[in-house]
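Numbering (UniProt numbering), first residue to last: 1 to 662. Beta carbons are placed, not taken as given, at the ideal position from N, Cα and C, and that holds for glycine.
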C-alpha cells in the first residue's frame with residue numbers, strides 16, 4: 001500500500017491536461033445542440049480538429065451505432081474461459097455537458113420532493129396519499145424513460161437509474177415506480193407496436209395509467225416455466241385469447257390499472273397437437289373477470305399495495321393486448337429483468353448513501369467511553385465497509401446501465417444479475433452496520449434505520465431470489481465454456497477409452513490445479529495498458545482473477561460433467577468468483593477515469609480500488625481452493641449429510657444438554 005503515497009505525484013508528473021484518449025474513449029448520446037453531421041467528419045479529422053469537437057463526433061458515432069442492430073460482447077460470460085474484452089475498462093461516459101446540467105437540475109427537484117415525504121405517515125396509513133401521486137405526476141416521474149413525443153422525459157438508462165437513486169430514500173414509492181417503469185413502460189418501448197405506444201405511453205407518462213407486472217405464482221416459485229396461468233385461443237375468434245389463473249404478490253396491484261400478465265399460451269398447430277409457450281398480455285383493471293384481493297400486510301415496504309390478482313375467463317385481443325410475438329414471453333421476461341435488476345441496484349445505491357450519511361452524523365456526534373465514535377477503530381472499520389460497498393455497487397450499476405445505453409441490442413443477463421446480487425446483499429449488511437453504530441436507538445419504531453432495514457429486505461427476492469440467481473449465473477457461464485472444451489472434458493471423464501489424455505492430465509494437475517493460485521502465469525490481456533498507470537497493481541489482480549476462474553471452471557466441469565447443475569455448492573463458488581471479477585472491473589474502469597480527468601477526491605477512489613482488489617484476490621483464492629479440494633476437506637459432504645439428518649427429524653435433532661441417560 002506504500003504505492004498510494006505516490007499517487008498524487010504520478011498524476012502531476014504524467015502531465016495529463018486532457019483525458020487520455022486511449023484510457024477514456026468517451027461515448028456520448030446525440031444532443032440537439034450538436035452541429036456536426038456525418039459529412040463534416042472527414043474534414044475535421046483531416047484538419048486535426050477531432051478533439052475540439054469530440055463531444056459532437058462521439059455523439060455522431062453513437063447515433064450511427066444505435067441505428068443498426070448492434071450488440072455488445074457478453075463480457076462476464078467469456079471470462080469463464082479466460083477471455084476478456086478490454087473495452088469494458090473504458091468506463092461509459094454518455095452525457096453531454098447540457099445533459100449533465102439537466103440531470104443536476106432534476107436531482108435537485110427530486111431531493112426537494114423526497115424531503116417533503118412523510119415516511120412515518122405512509123407506515124401508519126399503509127398507503128400513499130394522493131397528494132404525493134399528484135406531485136409525482138407534476139415531476140413526470142411516471143414518464144422518465146418515455147419519449148418526449150409522448151410527453152415523457154426521454155431519459156436513457158444511466159439518467160433513469162440516477163433518478164431512481166435519488167428517489168430511493170423512500171423505498172415504497174420507488175418500488176412502485178420500478179414496476180411501472182421497467183415492466184410496464186419498458187415492455188411497450190421495446191416490444192410494443194406503434195399503435196400500442198400511441199395509445200398507452202401518453203397516458204402512462206402523465207400518471208393516468210399505472211402499470212405493473214403479474215408474474216409470480218404460488219406453486220411456481222422461481223421457476224418461471226412452471227406457471228399455471230394460461231391464455232387459450234377462443235373457439236369462436238382466433239384473434240381472441242382467454243386468460244385464466246391467479247398471480248401472487250403483485251406490486252402496486254391495489255392502484256395499478258394496467259397489468260402485464262405472463263401466461264402459458266396454448267397455440268394449435270394441428271388438430272390434435274398443442275405446444276406450451278409463454279406470452280405477455282396487457283390486461284386492464286376494468287375488464288370482466290379481473291378480481292383483486294385486499295392489500296397484503298408485509299414486513300417492510302408498507303403502502304406498496306401488494307395484492308393477489310385472479311383472472312377468470314378474461315378475454316384479450318391479440319392485436320391490441322399482446323406484447324411482442326406470441327410465444328416469445330420467456331425471452332421478453334429475461335430482457336426486462338436486465339433493466340429491472342440494473343435499476344433496482346441504483347435504488348440500493350441511493351439507500352446506501354443515505355445510511356452512510358446517517359451513520360457519519362451519528363459517529364461525529366455520539367461519545368462513548370469519553371471518546372467520540374468517529375475516533376474508535378471498530379466504528380471506523382464499519383464506516384469503511386459501508387463506503388466501499390456503496391462505491392462498488394455504484395460502479396457496477398452505472399457500468400451496466402452504460403452498456404444498456406451503448407448498444408441497440410444489449411445483452412447483460414449475467415452483468416445485471418451480478419450487480420443485483422451484490423447490491424442487495426451488501427446493502428443489507430450495510431444497514432446492519434448502520435444499526436450497530438446507532439445501537440438500541442436504531443430499533444425504535446419509526447427510526448429511519450429501522451425502517452430501511454425492513455424496507456430493503458424484500459429487494460433481494462425481487463424478480464428472482466439471489467441464491468437462485470447465483471446458480472443461474474454460474475450455470476450460464478459454465479455452459480458457454482462447455483461448448484469450447486467439450487471434447488477435452490469428454491476424454492478426461494472416459495479414461496478407459498482415452499487413457500493417454502487422462503494420464504497427461506494427472507501428471508500436470510499438481511501444477512495446473514493444486515498450485516494454480518501460487519503458480520506464475522502469463523499476463524495474457526495486459527489490462528494495465530487500459531487503465532491509469534497508477535492502477536497497474538489492481539489491474540494485475542484482475543488478470544490473476546480471470547486466470548483462476550478459467551482453471552476453476554475447467555476443474556469443475558472435469559469433476560462433475562453433466563451433473564454440474566446438481567452441484568449447487570460448486571456453482572455458488574463460481575458465481576462468487578465472477579461477481580468479484582465484475583466488481584473489480586467496474587471499480588478499475590471508474591477510478592481510472594476519475595484519476596485521469598482529475599475528479600474531486602479521485603485519490604480516494606483509487607485507494608478504495610487498491611484495497612478492494614487486494615481483498616478480492618484473497619477471497620477468490622479461498623473459493624478456488626475449496627473447488628480444488630475434495631468434498632470432505634471443504635466440509636460439503638458433512639454439510640449435506642447433517643442437513644439430511646435434520647430433515648429426517650423434521651426439526652432440530654439434538655437432545656438438550658440437560659437430559660440424562662442414566
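Short check: CB of residue 281 to CB of residue 339, under 8 Å? no
With distances taken Cα to Cα, identify the nearest neighbour of residue 626 among 570, 612, 658 and 649. 570
Any contact between the segment 288–302 and the segment 222–231? By contact I mean 3 or more CB pairs, one from each, below 8 Å. no
For residue 22 and residue 530, I'd like the C-alpha separation in whole angstroms. Any reading at residue 22 is ruled out, since the residue's pLDDT is 40, under 50, leaving its predicted position unreliable.
Hey, quick one: how far does the alpha helix (DSSP H) through residue 340 stretch, first residue to last? 329–365
Start-to-end residues for the alpha helix (DSSP H) that takes in residue 251: It is not in any alpha helix (DSSP H) - residue 251 carries neither H nor E in the DSSP assignment.
Can you give me the C-alpha to C-alpha distance between residue 112 and residue 102, rounded to a whole angstrom? 16 Å
Helix, strand or coil for residue 277, going by three-state DSSP, please let me know. strand
Buried versus exposed call for residue 221 [16 or more other C-beta atoms within 10 Å across all chains shown]: exposed
Assign residue 411 to one of three DSSP states: helix, strand, or coil. coil
Using three-state DSSP, classify residue 225 as helix, strand or coil. coil
Among 591, 568 and 589, which one has its Cα closest to the Cα of residue 639? 568
Considering only DSSP beta bridges, list what residue 368 is partnered with. 371
Taking DSSP as the reference, what is the three-state secondary structure of residue 168? coil
Count the other CB atoms, across all protein chains shown, that sit within 10 Å of the CB of residue 378; report buried if there are 16 or more and exposed otherwise. exposed
Using DSSP's beta-bridge definition, name the partner residues of residue 263. 279
Buried or exposed for residue 518, please, with buried defined as at least 16 other CB atoms from any protein chain shown within 10 angstroms of its CB. Model confidence at residue 518 stands at a pLDDT of 49, short of 50, so the residue's coordinates are unreliable and nothing is read from them.
Taking only runs that begin and end inside the segment 418–500, name each unbroken alpha helix (DSSP H) of 4 or more residues, in chain order. 448–455, 466–482 and 486–492
Buried or exposed for residue 446, please, with buried defined as at least 16 other CB atoms from any protein chain shown within 10 angstroms of its CB. exposed
Taking C-beta to C-beta, are residue 82 and residue 136 nearer than 8 Å? no
For residue 71, is the classification buried or exposed, using 16 other Cβ atoms within 10 angstroms of its Cβ as the cut-off for buried? exposed
Are the Cβ atoms of residue 549 and residue 578 separated by less than 8 Å? yes
When you compare only the Cα positions, how much space is there between residue 646 and residue 654? 9 Å
Can you tell me whether residue 238 is buried or exposed, with buried defined as 16 or more other CB within 10 angstroms of its CB? exposed
With DSSP as the reference, identify every bridge partner of residue 241, one or two as the case may be. 233 and 316
Pull up the distance between the alpha-carbon of residue 256 and that of residue 279, whole angstroms please. 20 Å
Please return the same chain residues whose Cβ sits closer than 6 Å to the Cβ of residue 155, not counting the five positions on each side in sequence. 144 and 145
For residue 311, which of helix, strand or coil comes out of DSSP? strand
DSSP state of residue 211, grouped into three classes? strand
Residue 596: which of 79, 91, 151 and 85 sits nearest, CA to CA? 91
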